[in-house]
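Contents: one structure, followed by commentary.
This is how it looks when you write it as structure tokens:
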């Protein structure tokens with residue numbers, strides 16, 4: 032039985048979260064080893080002078096995140112995957128080069144006419160962007176910033192923002208991250224693209240020379256082509272990232288998602304060297320990755336020397352409980368966490384981050400130094416100020432309440448007016464999955480829903496293996512008071 | 032003799048610039064054909080009721096830009112290269128792909144420890160960044176912007192900024208550009224990287240599909256490796272861009288620069304398919320590309336179906352006359368113009384643009400849509416507002432006066448305290464070239480200069496062919512009143 036020294040500050044509130052944080056840290060740092068049995072919740076509650084419910088809540092949180100295992104009759108123990116030493120796979124050599132005269136690739140001519148900028152079903156309510164507070168942060172930043180800070184910044188991101196974000200991700204996402212292994216990027220897309228390029232051996236590992244003679248001499252020798260990597264993606268998976276993955280050097284294999292998340296046995300059978308996941312709220316199905324699967328995933332990655340890319344795209348919005356901590360927090364040497372403010376503030380800010388093992392983080396930083404010289408610095412300072420001064424937390428709290436109300440109204444209206452539809456994945460995020468009865472035409476329903484003003488996307492193109500017709504339906508932009516009328520109009524139109 | 036219909040508004044001022052603009056347009060649109068002789072300056076001045084000096088100034092401007100040719104005894108005629116129909120080279124197919132298991136590249140282990148963010152010799156005075164006005168533009172933007180504008184933007188840049196910039200580039204840089212062939216990028220580095228990738232056939236030409244099955248099927252077929260392109264660069268050339276060029280797919284050849292700019296005959300002998308130039312103010316020598324060379328370059332590009340990349344990095348700051356119009360304005364179908372606000376406002380803003388033939392512009396836009404989803408939108412609107420409301424012009428006028436005073440004081444002090452040094456390239460920009468006497472040690476002088484607080488860079492590593500020892504010396508951050516004491520201190524330290 033573990034001897035726990037937990038520091039709990041009753042006055043500070045959020046006592047269950049405090050206990051969870053302490054236990055998580057203890058597991059992570061090896062103070063609680065794999066297999067160790069924790070005190071029964073009743074005992075620990077008595078020791079701490081707290082109600083048992085508080086301890087149960089903390090244990091449940093850590094079970095969901097994969098740090099603890101709970102078995103009937105066996106009590107609560109530390110999960111095997113949670114405290115295991117492992118070195119991150121060494122990156123292949125890079126950058127590698129292509130021969131001078133490549134054969135020309137055949138390519139598809141199909142043109143996708145969908146506009147780039149539009150109503151994505153996962154988009155936040157942009158009318159709620161905190162303009163006043165953002166402007167106030169900009170004003171403070173411009174008043175205080177030293178002139179030299181307006182120069183080329185560190186291509187890995189300004190220190191002030193990396194510090195604020197690391198603290199935030201530790202606190203809110205239970206991430207295992209320091210400012211040094213955090214890289215600021217222009218959104219999740221760039222973060223994932225660069226990470227895959229790093230894993231495929233396409234990025235520099237050391238700074239390239241700056242003298243002209245070196246390059247002229249080098250041009251005389253044909254260089255090997257850039258690497259590629261076999262990357263597993265979830266099936267179904269969002270379509271917008273696919274071109275980016277392929278361009279970054281990923282050859283895709285698809286792995287089925289069931290009610291617990293990605294199928295790890297099927298994943299292992301693919302021979303993939305890396306997997307891209309959405310554990311907090313799978314896109315599009317909305318499934319939360321189960322504790323069992325979390326453990327199995329980390330075991331797989333460790334045994335096969337593979338990498339896990341965690342796309343934490345909407346994890347701030349969990350409605351029924353604290354957000355499940357990120358997978359990265361469970362195995363910081365295996366998992367690369369990618370996130371952004373696109374759902375929490377606005378996609379147009381193009382601000383995101385990558386938390387990665389040091390070698391990969393440094394490779395990403397070098398790559399931006401040789402690609403686009405990093406993200407704009409002013410907005411990085413503004414976001415840092417926005418977090419420091421509490422504006423970010425306040426905004427998230429307000430939006431969580433608002434989105435919960437919108438989700439409730441939306442799901443209720445669907446149940447009432449379109450009972451044929453099965454609603455899934457509503458525990459978190461800004462969208463739900465609407466499974467249509469067999470025989471319904473996705474595209475037709477999607478078109479009708481759009482005509483009713485809804486932001487939806489058919490799931491068909493997101494699948495490799497066939498599945499039931501379904502739509503991703505965004506609820507974040509639909510005020511709760513309008514949900515009933517809108518869904519009723521949709522039902523009428525569909526029945527018409 | 033040409034019959035000119037020039038609309039001149041005497042009340043508006045800048046009459047010479049007006050005449051130059053009208054004539055440029057007439058040549059560009061074919062109203063003045065190659066070889067046509069213009070009226071003598073005296074005649075035209077009489078026709079227009081202006082002083083002859085004004086007409087001479089306009090003619091000289093257009094001769095410098097390569098639109099007109101002036102020969103003693105033969106008068107002023109329209110240059111052959113200036114009005115010649117030509118289609119831009121068709122891009123190679125893309126994106127192309129690499130085989131799955133590449134051989135690992137050998138690579139250098141030399142680590143360059145120079146910090147990324149630091150005192151570049153070409154940096155502007157960041158203390159002069161117009162914070163108040165920038166904040167005012169931000170305030171106006173946040174007050175007026177529709178909520179939907181905070182969504183993912185057009186990856187090619189928001190329309191408002193492309194419109195403002197196109198008008199600005201037409202007016203100030205005599206560029207031949209419309210909002211449609213202008214792409215907003217995160218600075219010159221990204222602009223050049225993407226352009227080279229486009230020329231090497233690495234970028235998408237049409238939108239890629241979004242359905243999972245397509246990618247899974249495609250992964251089964253090994254794809255050809257990404258293309259490379261033989262790119263000529265100036266010798267000497269700035270070192271910071273070299274890793275980026277190489278990574279983007281360029282195999283470099285070096286072409287000497289003399290007192291007229293790049294040696295076009297030597298360029299033709301390299302077999303390069305593209306050339307990267309700094310025509311307005313060669314980096315590092317400061318040479319302005321001569322009218323003759325401009326014509327020869329365009330002839331070369333047309334005859335060999337090659338592309339010219341014009342890095343317009345500090346052209347806003349021309350001190351003795353109007354800035355020489357950009358090369359792109361002379362041959363918009365051959366030249367890709369890349370610029371940014373890094374010298375005019377601050378590098379930390381990471382805002383730049385590429386003006387390119389439509390097919391390349393569209394390819395860049397698609398590439399950003401599949402790479403990082405474009406630049407942050409808020410700052411794009413802010414810059415558009417800053418230009419519209421006159422803030423940008425005002426700032427440039429103020430800085431031009433200030434930098435001219437700094438340059439004068441700096442060059443004067445060098446002449447007085449270090450007469451052994453030959454100063455070159457002072458007609459424009461934020462740096463000059465200081466040629467040291469043979470036998471002086473660049474690195475030692477550079478170190479001493481840095482210890483005196485100067486921002487300098489040794490030219491040696493920028494050269495392929497050997498040349499005299501020299502330093503790039505930045506004067507933009509050194510107030511005029513401190514130039515004499517600083518240079519005297521440098522001279523004392525060097526003589527010590």
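Chains as they are written, first to last, in this note's numbering: chain A, 32 to 527; chain B, 32 to 527. Beta carbons are placed, not taken as given, at the ideal position from N, Cα and C, and that holds for glycine.
What does DSSP give as the partner residues of residue i in its beta bridges?
i	result
residue 386 of chain B	B/213, B/368
residue 277 of chain B	The partner list for residue 277 of chain B (beta bridge, DSSP) is empty, contrary to what the question assumes.
residue 339 of chain B	B/306, B/366
residue 502 of chain A	A/465, A/489
residue 289 of chain B	B/292
residue 153 of chain A	None, per the DSSP bridge assignment.
residue 68 of chain A	A/108
residue 43 of chain B	DSSP, once it has assigned bridges, lists no residue as partnering residue 43 of chain B.
residue 334 of chain A	Bridge partners of residue 334 of chain A: none, in fact.
residue 380 of chain B	The partner list for residue 380 of chain B (beta bridge, DSSP) is empty, contrary to what the question assumes.
In terms of alpha-carbon separation, which member of the options lies closest to residue i?
i	options	result
residue 457 of chain B	B/425, B/506, B/427, B/449	B/506
residue 525 of chain B	B/198, B/443, B/479, B/403	B/479
residue 313 of chain B	B/212, B/496, B/288	B/288
residue 80 of chain A	A/394, A/69, A/510, A/46	A/46
residue 383 of chain B	B/218, B/85, B/105, B/95	B/218
residue 106 of chain A	A/73, A/84, A/60	A/73
residue 471 of chain A	A/498, A/455, A/190, A/459	A/498
residue 49 of chain A	A/37, A/101, A/452	A/37
residue 246 of chain B	A/222, A/255, A/275, A/227	A/275
residue 390 of chain A	A/213, A/77, A/431, A/35	A/213
residue 487 of chain B	B/518, B/172, B/164	B/518
residue 481 of chain B	B/466, B/496, B/520, B/294	B/520
residue 417 of chain A	A/492, A/462, A/168	A/168
residue 103 of chain A	A/82, A/71, A/250	A/71
residue 403 of chain A	A/271, A/225, A/423	A/225
residue 569 of chain B	B/85, B/68, B/58, B/35	As displayed, chain B neither begins before 32 nor continues past 527, which places residue 569 of chain B out of reach and without an answer.
residue 437 of chain A	A/87, A/425, A/459	A/459
residue 489 of chain B	B/315, B/108, B/279	B/315
residue 298 of chain A	A/264, A/318, A/254	A/264
Would you mind reading off the limits of the beta strand (DSSP E) that contains residue i?
i	result
residue 260 of chain A	260-266
Quick check: does the Cβ of residue i come within less than 8 Å of any heavy atom belonging to the ligand PLP?
i	result
residue 513 of chain A	The model depicted lacks the ligand PLP and carries no ligand whatsoever.
State the start and end residues of the unbroken alpha helix (DSSP H) segment that holds residue i.
i	result
residue 413 of chain B	408-419
residue 101 of chain B	Counting along the chain, residue 101 of chain B falls outside any alpha helix (DSSP H), though it belongs to the beta strand (DSSP E) covering 99-102.
residue 435 of chain A	422-448
residue 455 of chain A	From DSSP, residue 455 of chain A is part of no alpha helix (DSSP H) but of the beta strand (DSSP E) over 453-455.
residue 172 of chain A	162-175
residue 475 of chain B	473-482
residue 95 of chain A	83-96
residue 220 of chain B	219-230
residue 183 of chain B	Neither: residue 183 of chain B is in no alpha helix (DSSP H) and is coded neither H nor E.
Chain-ordered residues of the region 415-426 of chain A with a beta carbon less than 8 Å from chain B: none
Touch test, the region 224-239 of chain B against the region 391-401 of chain B, Cβ-Cβ under 8 Å, three pairs minimum: yes
So if I threshold CB-CB distances at 9 Å, which residues from the region 276-299 of chain A count as touching chain B? 276, 277, 278, 279, 280, 281, 282, 283, 284, 285
Assess contact between the region 170-182 of chain A and the region 361-376 of chain A, defined as three or more Cβ pairs (one per stretch) separated by less than 8 Å. Is contact present? no
Is it the case that the region 503-517 of chain A contacts the region 52-61 of chain B, given that we only count it when at least three CB pairs across the two stretches are under 8 Å? no
Name, going along the chain, the residues of the region 495-519 of chain B whose beta-carbon falls closer than 7 Å to a beta-carbon of chain A. 495
Using a Cβ-Cβ cut-off of less than 8 Å, list which residues of the region 325-351 of chain A approach chain B; keep chain order. none
Listed from N- to C-terminal order along the chain, which residues in the region 236-252 of chain A have their beta-carbon within a distance smaller than 7 Å of any beta-carbon of chain B? 237, 238, 239, 240, 241, 242, 243, 244, 246, 247, 250
Tell me which residues of the region 356-367 of chain A have at least one Cβ-Cβ distance to chain B shorter than 8 Å, keeping chain order. none
So if I threshold CB-CB distances at 7 Å, which residues from the region 149-163 of chain A count as touching chain B? 154, 157, 158, 160, 162
Should the region 346-358 of chain B be called in touch with the region 299-318 of chain B, which here means at least 3 C-beta pairs below 8 Å? yes
Would you list, in chain order, the members of the region 401-415 of chain A that have their beta-carbon closer than 8 Å to a beta-carbon of chain B? 401, 402, 403, 404, 405, 406, 407, 408, 409, 410
How about the region 186-205 of chain A and the region 161-176 of chain B: do they share at least three Cβ pairs that are nearer than 8 Å? no
By the 7 Å beta-carbon criterion, what residues does the region 182-193 of chain A contribute toward chain B? 182, 183, 184, 185, 186
Using a Cβ-Cβ cut-off of less than 7 Å, list which residues of the region 211-225 of chain B approach chain A; keep chain order. 217, 218, 220, 221, 224
For the region 483-495 of chain A, which residues have a beta carbon sitting closer than 9 Å to at least one beta carbon of chain B? 491, 492, 493, 494, 495
If the cut-off is 9 Å on Cβ atoms, which residues from the region 372-387 of chain A count as contacting chain B, listed in chain order? 373, 376, 377, 378, 379, 380, 381, 382
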